[in-house]
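Asks: Protein chains in written order, with the numbering used here: chain A, 7 to 406; chain B, 17 to 399.
Where is the CB? At the ideal position from N, CA and C, for every residue including glycine.
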Ligand SMILES: Cc1cc2nc3c(=O)[nH]c(=O)nc-3n(C[C@H](O)[C@H](O)[C@H](O)COP(=O)(O)OP(=O)(O)OC[C@H]3O[C@@H](n4cnc5c(N)ncnc54)[C@H](O)[C@@H]3O)c2cc1C
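1. For residue 225 of chain A, write down the residues that DSSP places opposite it in a beta bridge.
2. I'd like the list of long-range same chain contacts for residue 158 of chain B, defined as Cβ closer than 6 Å, with 5 residues on each side in sequence excluded.
3. Closer than 9 Å, CB to CB, is residue 384 of chain B near chain A or not?
4. Can you tell me which of the three DSSP states residue 320 of chain B falls into?
5. Taking the beta strand (DSSP E) that residue 357 of chain A falls in, what are its first and last residues?
6. Can the beta-carbon of residue 332 of chain A be found closer than 9 Å to that of residue 376 of chain A?
7. Since residue 151 of chain A is in the beta strand (DSSP E), which residue starts that stretch and which ends it?
8. So, helix, strand or coil for residue 225 of chain B, using DSSP?
9. What are the boundary residues of the alpha helix (DSSP H) that residue 127 of chain B is part of?
10. In chain A, what lies closer than 8 Å to residue 141 of chain B by C-beta?
11. Which residues of the region 155-182 of chain B have a Cβ closer than 9 Å to any Cβ of chain A? Give them in chain order.
12. Write down the C-beta distance between residue 250 of chain B and residue 150 of chain B rounded to the nearest angstrom, noting that I regard them as a contact closer than 8 Å.
13. Can the beta-carbon of residue 346 of chain A be found closer than 9 Å to that of residue 371 of chain A?
14. Please say whether residue 356 of chain B and residue 388 of chain A have beta carbons closer to each other than 9 Å?
15. Is the region 164-178 of chain A touching the region 298-314 of chain B in the sense that three or more CB pairs, one from each, lie closer than 8 Å?
16. If you measure from the beta carbon of residue 324 of chain B to each beta carbon in chain A, is any gap under 9 Å?
17. With a 10 Å radius around its C-beta and 16 neighbouring C-beta atoms as the bar for buried, classify residue 393 of chain B as buried or exposed.
18. Residue 39 of chain B by DSSP, collapsed to three states: which one?
19. Would residue 350 of chain B pass as a contact of residue 368 of chain B if the rule is Cβ separation under 9 Å?
20. Between residue 113 of chain B and the rest of its own chain, which residues show a CB-CB distance below 6 Å, the 5 nearest in sequence each way excluded?
21. How far does the alpha helix (DSSP H) with residue 268 of chain B in it extend, from its first residue to its last?
22. Could you work out which residues of chain B lie near residue 4 of chain A, taking near to mean beta carbons separated by less than 9 Å?
23. Regarding residue 6 of chain A and ligand 1, is the C-beta to nearest heavy atom distance less than 8 Å?
24. Identify, in the order they occur along the chain, each residue of the same chain with its Cβ nearer than 7 Å to the Cβ of residue 64 of chain A, setting aside the five sequence neighbours on each side.
25. In whole angstroms, what is the alpha-carbon distance linking residue 81 of chain B and residue 131 of chain B?
26. Determine whether the Cβ of residue 427 of chain A lies closer than 9 Å to any Cβ atom of chain B.
27. So, do the region 174-188 of chain A and the region 126-142 of chain A have three or more beta carbon pairs nearer to each other than 8 Å?
28. Under 9 Å, Cβ to Cβ, is there at least one residue of chain B near residue 165 of chain A?
29. Restricting to Cα atoms, I'd like to know which of B/41, B/362 and B/57 is closest to residue 210 of chain A.
30. So which residues of chain B does residue 379 of chain A contact, with C-beta pairs closer than 8 Å?
31. Report yes if the C-beta distance between residue 225 of chain A and residue 200 of chain A is below 9 Å; otherwise report no.
32. For residue 56 of chain A, count the other beta carbons within 10 Å of its own beta carbon; 16 or more makes it buried, fewer makes it exposed. Which is it?
33. Measure the Cβ-Cβ separation of residue 301 of chain A and residue 327 of chain A and say whether it is below 9 Å.
34. Any residues in the region 295-308 of chain A with a beta carbon nearer than 9 Å to a beta carbon of chain B? Which ones, in chain order?
35. Return no unless some Cβ of chain D is closer than 9 Å to the Cβ of residue 148 of chain A.
36. Please give me, in chain order, every unbroken run of the alpha helix (DSSP H) with length at least 4 that falls completely inside the region 296-359 of chain A.
If you want it as structure tokens, here you go:
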């Protein structure tokens with residue numbers, strides 16, 4: 007047992023840190039520092055820089071462009087990236103559809119899609135949820151009827167993040183309406199340019215456009231774009247959602263927010279005392295730091311344990327990470343909100359998007375604080391809500 | 017002890033609640049948001065007709081002599097509807113300041129115009145650096161042959177962009193955070209040297225940044241005894257906090273009801289999600305927080321007219337702490353229990369959450385009031 011990093015891991019951390027310091031374009035760094043929203047181009051160009059270095063998909067097998075870093079280094083890499091702070095590579099691509107294709111795709115699919123997924127030539131979105139199927143995903147109804155070499159898809163998806171940017175969707179559809187819910191689902195890759203697909207934006211409470219409704223009206227999808235077997239999609243989806251959960255703790259992102267809160271609190275004066283020096287602020291922040299440290303170590307334990315599990319099998323403790331990780335992300339945004347106080351009140355979308363031509367009302371960082379707080383409420387809803395995580399833990403860890 | 021409303025108070029409650037139910041549906045609210053001032057002028061006239069705008073003023077000033085309970089009744093209904101009109105800015109804050117610090121002439125001139133809806137007013141008090149310190153005033157007023165000259169900048173002036181009249185606090189002597197030396201002035205919003213930059217706030221309301229460059233003020237437009245405004249300022253802030261407590265309770269009750277309704281209708285796994293015990297308990301905890309908040313809003317209402325300023329301030333701080341704790345919990349849980357739809361701008365629950373969030377920053381955050389209360393010795397004296 008040793009909690010410290012080995013010299014090799016430390017050297018690796020320094021190498022990664024130096025890379026982020028030099029390779030991350032200044033304008034993108036500035037946006038992530040301030041918490042401004044990134045454009046599609048920002049995300050794409052950063053992922054391509056990573057990919058050129060061979061680091062866009064480090065956790066994939068080397069054969070498909072990954073590295074052989076192993077879990078600890080992968081973890082260090084992700085944390086350093088969040089602390090840089092650099093944008094996350096598109097998780098739909100690198101953590102979701104990529105690993106599914108690697109595990110279950112045909113050779114032809116792997117050869118075609120994986121390089122494009124890694125380089126973000128294809129931007130994927132996730133078409134799982136439907137108006138009537140959220141937490142109860144298996145009740146989804148969007149149908150795919152086989153017609154020759156095509157599936158004909160009809161129905162509606164909802165909450166589809168970034169569908170308005172996407173070139174492709176990985177999608178769950180019902181191919182056997184008579185089977186029991188989990189048994190009749192198929193996993194398809196759908197070109198978003200397919201005729202019959204309509205994307206409608208749904209603005210969120212942070213005033214932004216994150217997610218969408220997607221409608222399918224006789225959209226024809228070649229059978230060749232099916233991943234794995236017909237009616238076995240649920241297995242692949244479960245595999246994918248397990249992957250989604252481990253990445254979702256975002257310890258580095260919470261650490262970065264805490265760093266920010268401490269830094270900004272130095273500039274806020276309560277009378278003659280900076281907020282950062284008041285006992286109540288310091289203790290509140292310390293309290294979150296303790297929980298973050300605990301979560302970090304829990305995450306390391308899950309990460310190290312993953313080596314011992316058969317491939318594709320998820321550690322049920324990953325639900326602990328999702329649960330606590332989302333709560334701490336929210337706690338960190340709450341602290342930032344309290345630090346900003348009245349400076350967070352003005353609604354300034356152009357400053358959030360970095361397209362403003364006028365001076366902001368209040369400090370430069372003000373416009374980002376409340377939207378970040380509002381949007382982060384979603385962290386306990388998406389990726390399997392925290393209530394669902396508790397159900398999973400109760401059932402799988404506690405046998406209740 | 018008696019928590020019952022009088023016959024008249026119940027009639028007031030009925031009529032305001034009916035108005036909000038009929039005229040402040042969520043879709044209607046969206047329309048008001050798009051109006052030029054960011055609220056409904058039409059409803060403002062309706063409030064005047066119903067006597068709401070003069071509620072706290074004396075009858076000779078066009079009012080109905082209402083007290084803190086009447087204000088609570090109105091604000092609670094406004095909270096339910098997430099109303100957008102400048103009632104807090106014009107009636108509670110500006111009206112309150114004019115009542116407390118205004119001369120008889122100022123009262124006679126301005127209060128009837130507020131009451132009949134023809135005058136909108138806003139309190140230009142907080143500044144970029146002042147945060148929650150009510151005595152932190154850098155804006156300056158210096159003597160001039162005909163009166164005063166104002167210079168400085170005010171930030172986050174609630175509804176400052178639509179106001180006809182501003183009540184500006186400025187320092188006439190002392191250091192930036194001194195209690196002594198603050199004065200209040202009546203300033204026409206379009207007076208020379210006044211510049212306003214209006215903006216929307218996160219919760220859908222309006223505010224303005226205001227700069228004052230050499231604004232000349234006639235002597236008769238000073239309010240009260242120049243330099244001695246601190247206690248009036250504190251009292252009006254307390255009135256605002258009591259009113260906000262009532263507003264928050266109305267909003268919490270509506271958010272809670274909406275959520276319980278959703279739990280009864282939304283189906284997942286073949287059953288209504290309200291049948292999951294985990295969610296039932298959450299809805300129960302929200303109710304507990306709501307009842308705690310309601311009690312403290314009543315406490316604030318009953319203590320806001322307390323003559324002992326120290327006791328009053330403790331009570332208001334205590335109420336504020338509870339209100340914010342409850343508001344945050346109820347707002348966050350309401351979004352959570354709605355799932356994805358709770359995150360959307362097109363659905364009302366998120367707007368309650370945003371209003372609670374914004375309210376947490378008005379007239380002192382939770383930590384500010386906790387510290388003030390602790391400093392004052394808390395609510396329970398040692399044995
Ligand atoms: C910002 C955001 C982005 C998203 N992006 C995507 C995306 O890209 N692709 C995609 O497919 N989906 C996406 N989602 C959808 C997300 O996965 C769903 O919102 C989530 O699964 C919850 O489903 P629901 O919204 O239908 O809520 P419901 O399932 O209706 O849940 C409502 C409430 O009931 C609770 N609940 C439900 N069942 C139980 C139970 N058995 N026990 C206890 N509590 C329960 C939930 O926890 C929640 O609090 C996104 C959601 C958000 C908020």
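Replies: Reading it off the structure:
1. DSSP output for residue 225 of chain A lists A/159 as bridge partner(s).
2. Once the five neighbours on either side are set aside, the close Cβ partners of residue 158 of chain B are 165.
3. For residue 384 of chain B, at least one C-beta of chain A is nearer than 9 Å to its own C-beta.
4. For residue 320 of chain B, the three-state secondary structure derived from DSSP is coil.
5. Careful: residue 357 of chain A lies outside any beta strand (DSSP E), inside the alpha helix (DSSP H) at 355-359.
6. Cβ atoms of residue 332 of chain A and residue 376 of chain A: not closer than 9 Å.
7. Following the DSSP letters along the chain, one finds residue 151 of chain A inside the beta strand (DSSP E) bounded by residues 149-153.
8. Reduced to three states, the DSSP call for residue 225 of chain B is strand.
9. Taken as a continuous stretch (DSSP letters only), the alpha helix (DSSP H) holding residue 127 of chain B covers 120-131.
10. Result: empty, since nearest Cβ-Cβ is about 12 Å, beyond 8 Å.
11. Considering only beta carbons, the part of the region 155-182 of chain B lying closer than 9 Å to chain A consists of 171 and 172, in chain order.
12. A Cβ-Cβ distance of about 6 Å is found for the pair residue 250 of chain B and residue 150 of chain B, placing them in contact under the 8 Å criterion.
13. Contact check for residue 346 of chain A against residue 371 of chain A passes: the beta carbons are separated by less than 9 Å.
14. The answer is yes: Cβ separation under 9 Å.
15. By the C-beta criterion, the region 298-314 of chain B is judged not to be in contact with the region 164-178 of chain A, since fewer than 3 inter-stretch pairs fall below 8 Å.
16. It does not: the Cβ of residue 324 of chain B has no partner Cβ on chain A nearer than 9 Å.
17. The residue is exposed, with fewer than 16 neighbouring Cβ atoms inside 10 Å.
18. Helix, per DSSP.
19. Their beta carbons are under 9 Å apart, which means residue 350 of chain B touches residue 368 of chain B by this criterion.
20. If we look at residue 113 of chain B and ignore the five residues flanking it on each side, its Cβ neighbours are 183 and 252.
21. Start and end: 246-281.
22. Here chain A has residues from 7 to 406 only, and residue 4 of chain A is not among them.
23. The requested residue 6 of chain A is not part of the displayed model; chain A covers only 7 to 406.
24. Around residue 64 of chain A: 72, 73, 75, 80 and 83.
25. Straight-line Cα distance between these residues: approximately 12 Å.
26. In the structure as shown, chain A starts at 7 and stops at 406, and residue 427 of chain A therefore has no counterpart that could be examined.
27. Contact between the region 174-188 of chain A and the region 126-142 of chain A is present, because at least three Cβ pairs lie under 8 Å.
28. At least one chain B Cβ lies under 9 Å of residue 165 of chain A.
29. The candidate whose alpha carbon is nearest that of residue 210 of chain A is B/362.
30. Result: 373.
31. Residue 200 of chain A sits close to residue 225 of chain A, with the two beta carbons spaced by under 9 Å.
32. By the neighbour-count definition (other C-beta atoms within 10 Å, threshold 16), residue 56 of chain A is a buried residue.
33. Contact: yes.
34. Those residues of the region 295-308 of chain A that come within reach of chain B (Cβ to Cβ, closer than 9 Å) do not exist; the list is empty.
35. You won't find chain D in this structure, because its protein chains are A and B.
36. Runs found: 324-346 and 355-359.
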